[in-house]
Amino acid sequence: MKNDEDKMPTVEELQQDTFKVKYGIGQDFNSELEVLICDTYHVSDITTLFKANLQLKPFNTTYALTTKPSSISKEEKEKLSAAGITDHINCWKKLFNYFLPRWLFLYVNKSKKALDIGVDWAEYMKEYFQAYPIETFSQLESGIEYKEPLGAWKRLNNKEMFNVFNKQLIKTLGRWGIRQSHTLNAGITQTRNLAKAYTLNRRANTPEELVTPYLVAFRNGTYNFRTNELQAHNKNDYLLNLHDYIVDLNHPHAPNTDKLLNEMVGDAATFLKEFIGFCFYPNHSTFQDFVLLHGASGEGKSTLLNFIKEYLIGPDNFSALDPQTMGDRNNRFATSDLYSKELNVVPDISDKLIQDVSALKGLVGGDSIRAEFKGQSSFTFVSRAKNIWSANHLPDLRSSDANSALADRANVIKFINGDTRKSSNHFWQHHDMEKVKAERPQFVGECLELFHKVLKRHQQGLGRDSWTRPTSIKQATNEWLKHNDPVAEWLENVKENNPSLFQDGYFKKDDAYSDYRFWCNAEGRTIMSKKKLGDKLCSDYGFENKKVYTSNGQHLHSWVNKELKNEWNKIINDWSKTRPTINIG
Numbered sequence: 001m002k003n004d005e006d007k008m009p010t011v012e013e014l015q016q017d018t019f020k021v022k023y024g025i026g027q028d029f030n031s032e033l034e035v036l037i038c039d040t041y042h043v044s045d046i047t048t049l050f051k052a053n054l055q056l057k058p059f060n061t062t063y064a065l066t067t068k069p070s071s072i073s074k075e076e077k078e079k080l081s082a083a084g085i086t087d088h089i090n091c092w093k094k095l096f097n098y099f100l101p102r103w104l105f106l107y108v109n110k111s112k113k114a115l116d117i118g119v120d121w122a123e124y125m126k127e128y129f130q131a132y133p134i135e136t137f138s139q140l141e142s143g144i145e146y147k148e149p150l151g152a153w154k155r156l157n158n159k160e161m162f163n164v165f166n167k168q169l170i171k172t173l174g175r176w177g178i179r180q181s182h183t184l185n186a187g188i189t190q191t192r193n194l195a196k197a198y199t200l201n202r203r204a205n206t207p208e209e210l211v212t213p214y215l216v217a218f219r220n221g222t223y224n225f226r227t228n229e230l231q232a233h234n235k236n237d238y239l240l241n242l243h244d245y246i247v248d249l250n251h252p253h254a255p256n257t258d259k260l261l262n263e264m265v266g267d268a269a270t271f272l273k274e275f276i277g278f279c280f281y282p283n284h285s286t287f288q289d290f291v292l293l294h295g296a297s298g299e300g301k302s303t304l305l306n307f308i309k310e311y312l313i314g315p316d317n318f319s320a321l322d323p324q325t326m327g328d329r330n331n332r333f334a335t336s337d338l339y340s341k342e343l344n345v346v347p348d349i350s351d352k353l354i355q356d357v358s359a360l361k362g363l364v365g366g367d368s369i370r371a372e373f374k375g376q377s378s379f380t381f382v383s384r385a386k387n388i389w390s391a392n393h394l395p396d397l398r399s400s401d402a403n404s405a406l407a408d409r410a411n412v413i414k415f416i417n418g419d420t421r422k423s424s425n426h427f428w429q430h431h432d433m434e435k436v437k438a439e440r441p442q443f444v445g446e447c448l449e450l451f452h453k454v455l456k457r458h459q460q461g462l463g464r465d466s467w468t469r470p471t472s473i474k475q476a477t478n479e480w481l482k483h484n485d486p487v488a489e490w491l492e493n494v495k496e497n498n499p500s501l502f503q504d505g506y507f508k509k510d511d512a513y514s515d516y517r518f519w520c521n522a523e524g525r526t527i528m529s530k531k532k533l534g535d536k537l538c539s540d541y542g543f544e545n546k547k548v549y550t551s552n553g554q555h556l557h558s559w560v561n562k563e564l565k566n567e568w569n570k571i572i573n574d575w576s577k578t579r580p581t582i583n584i585g
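In this text, residue positions in the sequence shown follow the UniProt record's numbering: the first is 1, and each later residue adds one.
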């Protein structure tokens, strides 16, 4: 049996001790303040009035200042009198000192000749921003707000900080009985400049500069791509994307989702999961890859992309810029849509020509870009939005160096499941999207782990081979880029339609350039200079700058490639051997 001194204290004893230690009011608490507080609230138990931090719940202080205790007993009045408490204002002074917010204070209103309630706006603002952490930046004046349950910051819209602040100010002061318009207007006016100064973060021009580049936050913790583990939320990580769901690293298996992807894209499923994990990785410094989903209409490309962007990434974390818009340098507001986004995704993009491949190259990652929000100053940032587009017909590229610009970035994934709208196609009878959605914690956990392994392989020096890129992706990508290489297409046109131009294994420079210009004009392609054409033929297609001497003693400035001529001859010979015999007459 325990001794009396070993007994656990009661809740009431603990609360009384807390009052004594925190507020220093000792044994006089019940006799001085409890009566007045209970009388004001019309309750008998004072403990029901306090919040967890021992602050009083809001009440009409303006009205209460005119209220005197009237329901106390004669004995209690005698106790108050014996304690020297004859003026109820003395009780209110202690009440304000001990229990009310620090930003409320009593002062003598000379015109009323009575005590009145004032507001210390600096203290109010300080308490507000402690409860709702917000930071602004020199190049992002709209600011960001920390969402503690999710472990990340939300980017605020223009004027959102002040609109929400003012609304909360009116609501909070109203709870304490302060509703005078002149007081509220004074608060709104005075706190505006105070808030700008208080929230300004001078360590960076934009919050993107402060993002910890290997972390992503979920409701149950922050995932670390370096360790493949969850760690505690920390607002100093400056993570700018909210994911309002838990992630399951202990059971990273999603059989329904795996089955869906395998039947949609075949052996490209693992790469696609790696890329989804990459979408959560908050930087482009290691990889600048993008994905084009290619397939016929009705194969479910849009369904898959909507699942990825809305359910995995989240509605506030993606933008919707197609590659044609990204390649338009005249659209100064478009690039701002990429700011602080994890994913840029557009289903069913147009096959319209992409005018500027160099601009697209910069926007898919790694390069600083200039952006501007409407009504705010322009700023510079590096996009970390990963890009996934889908298309029934892949877009054309207007560029002399499309292949070299995008070869180390592009990944074309072909869909293989056919038109699911046809009655003969039973694809959606075998797949339930609700079951797929239910696997989100496990599936995202699997994608994160897979990309963690990609990063590990990259650290071992594997480069782009760090990805699990099957032959199907490599072939589909090469076909698209070759189709969009104007020099390769022109050479193909020469082989098919004007072989005499190259019949001896060399181009006469002037004749070849004239043919090239004619082809570009007919195809609507940008014409490069003769020197650039020659440089590209030599650097990419094995040609050499040489003088060719003819039998009559002439020397011709030429681009020579005997191996290509032999390759063309072999193709023609093979075709001649295999073509069917046609009997005439």
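Ideal placement from N, C-alpha and C gives every residue a C-beta, glycine not left out.
Please determine, among the options, the residue with the shortest C-alpha to C-alpha distance to residue i.
i: Pro315; options: Lys196, His555, Asn241 and Asn566; result: Asn241
i: Ile117; options: Glu563, Leu173 and Ser424; result: Leu173
i: Leu100; options: Ile134, Pro58 and Lys110; result: Pro58
i: Asn521; options: Phe162, Asp289, Pro486 and Asn561; result: Pro486
i: Thr303; options: Asp432, Leu249 and Leu481; result: Asp432
i: Ser181; options: Asp465, Arg175, Ile170 and Tyr146; result: Ile170
i: Gly295; options: Ser368, Lys414 and Thr227; result: Lys414
i: Asn205; options: Glu135, His233, Lys474 and Arg192; result: Glu135
i: Glu446; options: Gln288, Glu274 and Leu564; result: Glu274
i: Gly266; options: Ser472, Asn228, Lys422 and Gln139; result: Ser472
i: Glu544; options: Glu563, Met264, Asn236 and Pro255; result: Glu563
i: Phe518; options: Leu292, Gly534, Asn498 and Lys259; result: Asn498
i: Arg464; options: Tyr214, Asp504, Phe287 and Gly300; result: Phe287
i: Phe162; options: Thr199, Gly177 and Leu230; result: Thr199
i: His393; options: Lys509, Pro347, Ser138 and Phe427; result: Pro347
i: Trp480; options: Lys530, Lys509, Arg409 and Leu462; result: Arg409
Beta-carbon within less than 7 Å of residue i's beta-carbon, same chain only, minus the 5 sequence neighbours each way: which residues are those?
i: Ser319; result: Asp337, Leu338, Lys341, Asn344 and Ala385
i: Val108; result: Leu115
i: Leu156; result: Ser142, Gly143, Ile144 and Glu145
i: Ala512; result: Leu501 and Trp559
i: Ala254; result: Glu439, Gln442, Phe443 and Glu446
Just curious, the beta strand (DSSP E) that residue i is in, first and last residue?
i: Ile276; result: No beta strand (DSSP E) contains Ile276, which is instead part of the alpha helix (DSSP H) from Ala269 to Phe280.
i: Asn224; result: Gly221 to Asn224
i: Thr136; result: Ile134 to Phe137
i: Ile413; result: Ala410 to Lys414
i: Gly143; result: Leu140 to Lys147
i: Gln231; result: Glu229 to Gln231
i: Tyr506; result: Tyr506 to Lys508
i: Leu343; result: Leu343 to Val346
i: Ala476; result: Where Ala476 is concerned, there is no enclosing beta strand (DSSP E), although the alpha helix (DSSP H) it sits in stretches over Thr471 to His483.
i: Lys386; result: Lys386 to Ala391
i: Trp153; result: Ala152 to Arg155
Once the 5 residues before and after residue i are set aside, which same chain residues still bring their CB inside 6 Å of it?
i: Ile349; result: Asp322, Trp389 and Ala391
i: Trp153; result: Ile144, Tyr146 and Leu240
i: Gln190; result: Trp121
i: Val548; result: Tyr506, Leu556 and Ser558
i: Ala405; result: Val357 and Lys361
i: Leu80; result: Because Leu80 carries a pLDDT of 49, less than 50, the predicted location of this residue cannot be relied on, and no value is offered for it.
For residue i, count neighbouring Cβ atoms within 10 angstroms of its own Cβ and tell me buried if that reaches 16, exposed if not.
i: Glu492; result: exposed
i: Asp4; result: Bear in mind that a pLDDT of 47 at Asp4, under 50, signals an unreliable position, so the model cannot answer this.
i: Asn417; result: buried
i: Thr86; result: The pLDDT assigned to Thr86 is 45, lower than 50, so where the model puts this residue is not dependable; a value taken from the coordinates is nonetheless given after this. Label assigned to Thr86: exposed.
i: Asn201; result: buried
i: Tyr506; result: buried
i: Asp351; result: exposed
i: Gly24; result: Summary for Gly24: the model assigns pLDDT 40, below 50, so the residue's position carries little reliability; its value from the coordinates is reported in the next sentence. Counting Cβ neighbours within 10 Å, Gly24 comes out exposed, since fewer than 16 surround it.
i: Thr550; result: exposed
i: Glu208; result: buried
i: Lys301; result: buried
Among the residues of its own chain, which have a CB less than 8 Å from the CB of residue i, if the five just before and after it don't count?
i: Pro149; result: Arg219
i: Ile188; result: Asn166 and Leu169
Taking the continuous alpha helix (DSSP H) assigned at residue i, which residues delimit it?
i: Lys301; result: Lys301 to Asn306
i: Ala438; result: Met433 to Ala438
i: His284; result: That residue, His284, is in no alpha helix (DSSP H); it is neither H nor E in DSSP.
i: Tyr124; result: Trp121 to Ala131
i: residue 627; result: Residue 627 is absent from the structure shown; the chain starts at 1 and stops at 585.
i: Thr257; result: Pro255 to Val265
i: Asn493; result: Pro486 to Asn497
Please decide whether residue i counts as near chain D, where near means a Cβ-Cβ distance under 7 Å.
i: Gly143; result: In the structure shown, chain D cannot be found, because there is only a single protein chain.
Entirely within the stretch 518 to 573 and at least 3 residues each: give me those beta strand (DSSP E) ranges in chain order. Residue ranges of uninterrupted beta strand (DSSP E) with 3 or more members, entirely inside the stretch 518 to 573 and ordered along the chain, are 544 to 549 and 555 to 560.
At what residue ranges does the stretch 178 to 208 contain a whole run of the alpha helix (DSSP H), taking only runs of 4 or more? DSSP runs (the alpha helix (DSSP H)) wholly in the stretch 178 to 208: 181 to 199.
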